[in-house]
Structure formats: structure tokens, C-alpha cells
Amino acid sequence: MRVIQNLGEWLDARLQIAATLRETAEHRVPRETASWFYVFGSAALVVFCIQVITGILLALIYAPTASEAWNSLQTLNFNINLGWFIRALHGWGSNFMIAIVLLHMVQVFLFGAYKYPRELTWIVGIFLLLMTLGMAFSGQVLRFDQDAFWGLGIGASISSRVPVMGPWIVKLLLGGPIIAGATLSRFFALHVFVIPGLLIALIGLHLLMVLKLGINDWPMPGRLVRKATYVKEYHELTQKDGIPFFPAAVWKDLFFAAAVLLALAACAAYFGPFGPSGRPDPTIIQTAPRPDYFFLWLYALLSLLPANLETPFLLIGPVLGIIFLLLLPFLFGEGEKSWRRRPLAVLTILLVAVVLGTFTNLAVNAPWSPVMDAWSGNPIPPQYLQGRSALERQGAAVFQLKQCHNCHSLGNEGGKRGPALDQIALIQTEDQMIRQVIQGGGNMPAYGKNLSPAETTALIAFLKTLYPAGRRPARDASRVQVTQSEAPPPKATNP
Amino acid sequence: MTVPDSLSRRAMLMKLGIFLNTVIAAVLAVPVVGYLFSPIARARKAGDSWLPLGSLEEYPAGETRLATFRNSDVRPWDGKTADSACWVRRIDEQTFQVFAINCAHLGCPVRWFPQSRLFMCPCHGGVYYEDGARASGPPERGLFEYAYKIAGGKLLINATELPTPGSPSALVNIGGKIPCA
């Protein structure tokens with residue numbers, strides 16, 4: 001013990017930092033802030049440290065070249081002791097990081113912590129969020145697989161839509177005319193040097209301001225923030241009713257951080273690393289690229305927006321969103337902090353959460369993507385074929401051969417891009433079906449040139465059988481008037 | 001007599017020092033910026049590049065086939081990413097259409113279905129007819145087309161960069177009209 005103490009004194013005589021550290025650790029915070037709601041910031045910092053450590057460990061093996069990156073990830077997964085686990089920790093750490101940063105942001109927003117005098121802390125926090133997302137995207141690129149390759153193409157396509165500058169931005173993004181070695185190298189530089197460097201600097205600034213300005217006091221309904229009096233009130237609060245951060249408040253941070261680390265390690269051990277998926281070979285086109293989890297909402301948005309709204313939405317939407325977030329502390333810098341008296345704030349959070357959740361959930365199923373092999377891989381359910389005439393069965397074959405199944409489901413199998421056709425005969429008459437097939441429309445291609453009259457006749461004969469037993473299929477009332485007779489409908493599909 | 005600090009020799013030397021550093025930093029910034037923007041210059045320098053897609057016999061008339069080519073401006077460490085794919089449609093003996101593999105919506109690889117004579121995109125469900133015209137889905141235009149020529153019994157295309165919705169080189173003729181122009 002004597003040796004350690006002596007060493008400590010020797011160091012401090014030169015560093016002269018012990019007093020400052022002690023003062024910082026024991027700085028007084030308002031009593032109520034020793035709360036489980038105030039643990040997200042420190043947890044994000046802990047996960048960031050994990051990302052730095054695992055990132056350095058991965059960089060020991062990873063080869064940042066387009067020709068070898070994918071191979072080096074395979075080596076990490078299968079040939080290096082516990083390489084898969086380090087990759088899993090880094091990949092799951094990325095998910096955890098985004099989740100915790102978002103939770104932190106929601107807590108800060110609902111507790112009014114962005115108000116005077118903590119505006120700059122909030123603004124730096126916005127940039128930290130953007131950089132975290134930047135790390136997530138660039139990290140996905142470094143996992144140089146098919147998803148990464150085509151994901152870069154999507155990024156390039158979006159960037160190219162910027163007016164005037166678009167093509168330049170694409171070349172700067174890709175480091176050349178195509179997605180190739182230079183692209184991976186610059187994303188490696190961004191992911192490993194540029195963004196982490198900025199992140200470390202801004203995290204330092206963020207923390208410094210939390211210490212200098214003090215942690216946000218627990219919002220009490222009715223205790224309003226006024227610029228003239230706030231600092232004095234806060235000072236009194238911490239002095240009269242404050243507790244030292246260390247050890248009175250810090251233990252909750254420690255427990256939460258431990259829980260997060262445990263969950264992270266458990267996810268990494270149980271679920272393993274992410275990918276890599278197929279080789280990044282542009283000539284292998286049998287691929288359906290999907291973004292990583294936290295960008296799925298964007299994937300959904302890009303499919304669901306009307307085509308003419310897409311570019312303005314993509315280019316202007318994020319800019320407006322970021323500007324609004326940056327201006328927030330100046331627009332609402334004073335007044336009520338408590339979420340109990342800020343219904344609009346609570347509704348905003350709920351709305352954003354519901355929107356992001358819905359889009360993400362939609363994107364997991366991606367009903368807008370055709371199922372590219374449904375025409376050959378998903379057979380028509382047998383009950384739709386039993387007891388059918390030769391013509392109707394021929395129509396079912398046309399349905400498969402012409403890839404109708406890729407976009408239309410039968411018996412819940414196949415694509416969901418277009419409507420399910422299990423009950424189509426209830427909704428459309430023969431003439432309506434013919435028109436839809438021949439002319440297309442409503443997001444369906446026109447098959448006029450691609451179906452012979454015989455094929456069309458067979459297909460329609462099959463479609464007319466698609467209605468449930470006990471219901472009457474749709475019919476054209478005028479036809480009875482003209483012909484004085486009506487052919488009986490074919491037997492129902494589901495007996 | 002004391003000189004005010006702002007006029008003193010030291011203050012003047014400090015300002016001169018700051019000025020010198022600013023000038024040198026500005027001079028140094030020129031090559032740095034030039035280096036950073038080199039991808040743009042690199043693309044401009046490349047100009048036309050006619051890349052072979054193989055002999056004409058590989059493309060039977062009336063059919064659409066997948067072809068691959070190696071880009072002209074590549075580096076040894078690009079590996080397989082130096083290659084690209086495209087769809088070659090041979091209309092008759094001398095008439096071709098060569099489509100980029102990239103969907104005009106967001107660049108995913110489109111697939112050709114010879115049975116229904118449609119290109120389908122697996123990402124957001126863009127569909128194109130056999131002549132590359134938009135059929136349905138989110139794309140705002142038809143497939144990107146490469147200019148082609150036939151020389152010595154071989155098919156060549158002019159491919160210089162990744163086709164994207166905003167790139168001017170993507171504005172080629174489809175069905176006699178220039179889309180987006």
C-alpha cells in the first residue's frame with residue numbers, strides 16, 4: 001500500500017491533477033437526478049468505449065481493400081480465435097449505441113434539458129447523433145458484402161439527385177466513377193479516423209458542458225426556466241439540497257452500464273456476428289440488398305413515397321429536420337421543463353416512435369419487394385387446382401410462368417407488391433380482369449404485348465375461379481340485359 | 001513614454017506571424033483540396049471508354065442476355081468490383097439495346113424475366129418493359145442505356161461510370177426521347 005501511495009504522490013506532484021479529479025467526481029448534483037432516468041448518457045459512453053476497443057481489435061486483422069475485405073471477414077469469423085465474437089460485439093455494439101443514444105435523446109427532450117443554459121450541449125448532442133448514424137452507415141460499408149456494395153449504389157443514387165452538384169457528390173462519395181477499391185478506402189478512413197476523431201472531441205466537449213453547467217435538474221411541473229434567474233436557482237438547488245455525484249449518484253450509472261454490457265455480450269454470444277452476406281461481386285445480380293436494422297425505416301419510406309415526392313423528401317426533409325433540432329433550444333429555451341405540462345412534446349415523441357416503428361416493421365416484411373423466385377419456387381396451393389378444367393389449369397400455369405406470382409400472393413405465398421388474388425373474382429368481373437391484365441395500371445405493368453390471346457383467355461379463366469365458397473363472384477349486370485342469359489360461374493375455390 | 005500594446009513591436013510581430021501562417025496555410029490548402037477533389041478530375045479525364053462485351057454470336061436476335069465487362073479505369077486492388085454487369089437486348093442483326101444493371105430508382109440490380117419479357121427490381125419493385133421503358137413502380141424513368149457500337153464482329157459499349165438518376169451520362173435516348181430533359 002505504501003508503494004502505491006508513494007507512487008500516487010510522486011505522479012500527482014508532477015501531474016497536479018488529483019485535486020481536480022476529486023472535485024469533478026464529487027461535484028454536487030440535485031438530489032433527484034440520482035435517478036434511473038439519468039443513466040443513458042454514461043451508458044452511451046461505455047458502449048462507445050467498447051466500440052473503440054473492438055474496432056481496434058478488428059483492425060488488427062481486417063484488410064481494407066475491395067479485393068480482400070470480404071475474405072478477411074471470413075477469416076475473422078472462422079479462422080481467428082474468437083474473431084467471430086469480437087465482430088459480434090462490434091456489430092451489436094453499433095445497434096446498442098444507436099438505441100441508447102436515441103433513448104438518451106428522448107429523455108433529454110422530455111425532461112427539457114435542452115433549455116437554457118444547456119442549448120450548446122443539445123446542439124453538440126445533435127452532431128453526436130449524426131456522427132453515430134454516420135458510423136453505422138460507414139461500418140455497414142466496411143462489412144464489404146453484397147448488401148454493402150448495393151447499399152453504396154443506393155447512397156450514390158440518392159446523392160446524385162442533389163441539383164447541379166449531384167454527379168460531383170457521387171464521385172466524391174465513391175472516390176471515382178464506380179464503386180470499387182477507392183470507395184472502400186475512403187469509407188475506411190471515415191469510419192476509423194475522421195468520424196471517431198470528431199466523436200471523441202465532441203464527446204469531450206459534451207461532457208465538459210455537462211460538468212460546467214451541471215446536470216439538468218429534475219423537472220418539476222410549475223418550476224419555469226427563466227434566463228434571468230435560472231443559474232442562481234440551480235446553484236441554490238445543488239448547494240442546499242445537492243448530493244455529491246460520486247458516490248451518491250454514480251452507482252446507478254455503474255449498474256446500468258453493467259446491465260448494458262451484459263446484454264451486449266449476451267446478444268453477441270447468442271446471435272453472433274452480422275454477415276458478411278455474399279461476395280461484393282457486381283456480376284452476381286441474384287441479390288436483394290437490405291439495409292441494416294436502423295436504416296430500415298428509410299428503406300420503407302423510399303418504397304412508399306410517391307415517385308415525384310421522393311427527391312424533395314430525401315433532400316429537403318433531413319435538412320429541415322436537422323435545422324429544427326438545432327433551433328429547438330432557441331425556439332423553446334425557457335419555460336416549462338416537465339413533460340407533464342408539455343403534451344405537444346410527448347405527442348411528438350410518440351408520433352416519431354410510432355412512425356419509425358411502423359416503417360421499420362413494414363420494412364422487415366418489405367411487402368413492396370417482388371418475391372423474385374415465387375414464380376418458380378412457390379407453387380399454387382393445391383385446393384386452387386383441384387377439379388379444375390384444363391383451361392383453368394392452363395391459366396394457373398400462365399400465372400406462374402409469367403411471373404404474376406412474384407407480385408401477387410395466393411394462399412399467402414408469393415409477392416405482396418400487388419393485391420392478393422385469392423378472392424379476385426369477388427372484386428372484378430371478367431372484363432375488368434382482362435383490362436387490368438392487358439393494360440396494367442395502378443402500379444402493374446401492362447401485359448398486352450407479353451401474353452398471347454390464348455394465354456390471356458386461360459389466365460382469366462383461372463382468375464375467375466378465385467373466390468370463396470358461399471359467395472357470388474362479381475358479375476356484369478348489363479351482360480344479362482344484352483344476352484338474356486348468363487353463364488354459371490365456375491365452382492368456388494374453397495369448398 | 002509607453003506605447004499602447006496594440007502598436008508595440010511585439011504585437012506587430014505577432015500579427016505578422018499570424019499573417020505568414022495564414023498565407024502558407026492557404027498555399028498548402030491548394031494541393032490538399034486538389035487531392036480531395038481528384039475523383040472528379042479522374043472521372044473527367046477518363047472520357048469515352050469503349051469496352052468489349054464479346055462477339056455478336058453470344059447475343060441471339062430477339063433475346064436479352066446478361067453480359068459482364070471490366071471497367072476501364074480500375075486499380076489492381078479493386079478485385080471483382082472492377083467488373084460490372086449489363087443486359088444486352090439484340091433486336092435484329094445490327095440493332096441492340098444495352099441496359100445498365102442498375103435500377104433507375106435507387107440502383108439495385110434489375111433481373112430479366114424472359115417469360116414475361118419484363119425487368120424486375122428486387123428492392124422497391126420497379127418494373128420495366130423489354131425496351132427498357134418504365135412499366136410500374138417507383139422509378140421515374142426507364143432503364144439507363146449505354147451507347148454501343150459494333151466493330152470487327154464484337155459488341156462494344158461506352159461505359160464510364162456508375163449510372164445514377166442524377167448523372168448526365170445517364171441521359172441517353174430511350175425510344176427516341178431524351179428522358180428528364
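For the record, the sequence lines run as chains D and E.
The first sequence lines up with residues 1 to 495 when you count with the working numbering.
The second sequence lines up with residues 1 to 181 when you count with the working numbering.
Note that beta-carbon positions come from the ideal geometry of N, C-alpha and C, so glycine has one too.
Given the structure is predicted, the values throughout are model-derived calculations rather than measurements.
Once DSSP output is grouped into helix, strand and coil, what is the label at residue i?
i	result
Leu-237(D)	helix
Tyr-38(D)	helix
Lys-149(E)	strand
Met-14(E)	helix
Lys-464(D)	coil
Leu-7(D)	helix
Val-29(D)	strand
Asn-158(E)	strand
Tyr-293(D)	helix
Ile-243(D)	strand
Tyr-35(E)	helix
Leu-224(D)	coil
Ala-100(E)	strand
Tyr-129(E)	strand
Arg-341(D)	helix
Beta strand (DSSP E) containing residue i: first to last residue?
i	result
Cys-86(E)	83-90
Ala-67(E)	64-70
Ser-136(E)	134-136
Met-120(E)	118-120
Going by beta-carbon coordinates alone, are residue i and residue j separated by less than 8 Å?
i	j	result
Ala-425(D)	Leu-466(D)	yes
Ser-159(D)	Ile-195(D)	no
Leu-224(D)	Gly-333(D)	no
Leu-184(D)	Phe-246(D)	no
Val-34(D)	Ala-249(D)	First, the amino acid is wrong: residue 34(D) is Ala here, not Val. In contact: Ala-34(D) and Ala-249(D) (Cβ atoms closer than 8 Å).
Leu-56(E)	Lys-154(E)	yes
Val-106(D)	Tyr-114(D)	no
Glu-161(E)	Pro-177(D)	yes
Val-371(D)	Gly-414(D)	yes
Ala-492(D)	Ala-477(D)	no
I need the straight-line Cα distance from residue i to residue j, nearest angstrom please.
i	j	result
His-191(D)	Gly-55(D)	10 Å
Phe-330(D)	Val-346(D)	19 Å
Arg-148(E)	Thr-64(E)	The amino acid at residue 148(E) is misidentified as Arg; the sequence shows Tyr. Looking at the two C-alpha atoms, the distance is approximately 15 Å.
Leu-173(D)	Arg-134(E)	28 Å
Ala-307(D)	Phe-96(E)	29 Å
Leu-36(E)	Gly-134(D)	19 Å
Pro-273(D)	Leu-142(D)	14 Å
Ser-72(D)	Val-170(D)	27 Å
Arg-417(D)	Val-127(E)	11 Å
Ser-138(E)	Tyr-146(E)	The sequence as given places Pro at residue 138(E); Ser does not occur at that position. Approximately 22 Å, taken between the alpha carbons.
His-90(D)	Leu-262(D)	14 Å
Phe-313(D)	Leu-327(D)	20 Å
Leu-7(D)	Pro-289(D)	57 Å
Asn-102(E)	Phe-144(E)	8 Å
Ala-11(E)	Leu-356(D)	57 Å
Ala-180(D)	Asp-83(E)	9 Å
Ala-61(E)	Val-88(E)	10 Å
Phe-127(D)	Arg-87(D)	26 Å
Lys-15(E)	Ala-201(D)	29 Å
Val-23(E)	Gly-17(E)	10 Å
Leu-152(D)	Ser-8(E)	57 Å
Arg-479(D)	Arg-141(E)	40 Å
Which first and last residues belong to the alpha helix (DSSP H) in which residue i is found?
i	result
Gln-481(D)	477-483
Lys-171(D)	166-174
Tyr-299(D)	296-304
Ala-69(D)	69-78
Phe-313(D)	307-331
Gln-140(D)	119-142
Ser-49(E)	Unbroken run through Ser-49(E): none, as it is neither H nor E.
Arg-87(D)	83-110
Less than 8 Å between CB atoms is the rule here; does residue i satisfy it with respect to chain A?
i	result
Leu-162(E)	Looking at the structure shown, chain A is missing, and the protein chains on hand are D and E.
So does residue i have its beta carbon nearer than 7 Å to some heavy atom of the ligand MN?
i	result
Phe-246(D)	Looking at this structure, you won't find the ligand MN or any other ligand, since it has none at all.
### Task
Would you check if the segment 36-55 of chain D and the segment 85-103 of chain D touch, i.e. whether three or more CB-CB distances between them fall below 8 Å?
yes
### Query
Does the segment 109-125 of chain E come close enough to the segment 274-289 of chain D to have 3 or more Cβ pairs within less than 8 Å?
yes
### Message
Does the segment 77-84 of chain D come into contact with the segment 2-17 of chain D, if we say contact requires no fewer than three beta-carbon pairs (one atom in each stretch) closer than 8 Å?
### Response
no
### Message
Across the segment 58-68 of chain D and the segment 71-81 of chain E, are there enough close Cβ pairs to call them in contact, namely three or more that are closer than 8 Å?
### Response
yes
### Query
Between the segment 397-404 of chain D and the segment 116-127 of chain E, do three or more beta carbon pairs fall short of 8 Å?
yes
### Stretch-stretch touch, CB-based, cutoff 8 Å, three pairs: the segment 297-314 of chain D with the segment 352-368 of chain D
yes
### Query
Using 8 Å as the threshold, is the segment 385-397 of chain D in touch with the segment 455-466 of chain D, meaning 3 or more CB pairs across them?
yes
#### Entry: Sufficient close CB pairs (3 or more, under 8 Å) joining the segment 206-226 of chain D to the segment 117-137 of chain D
yes
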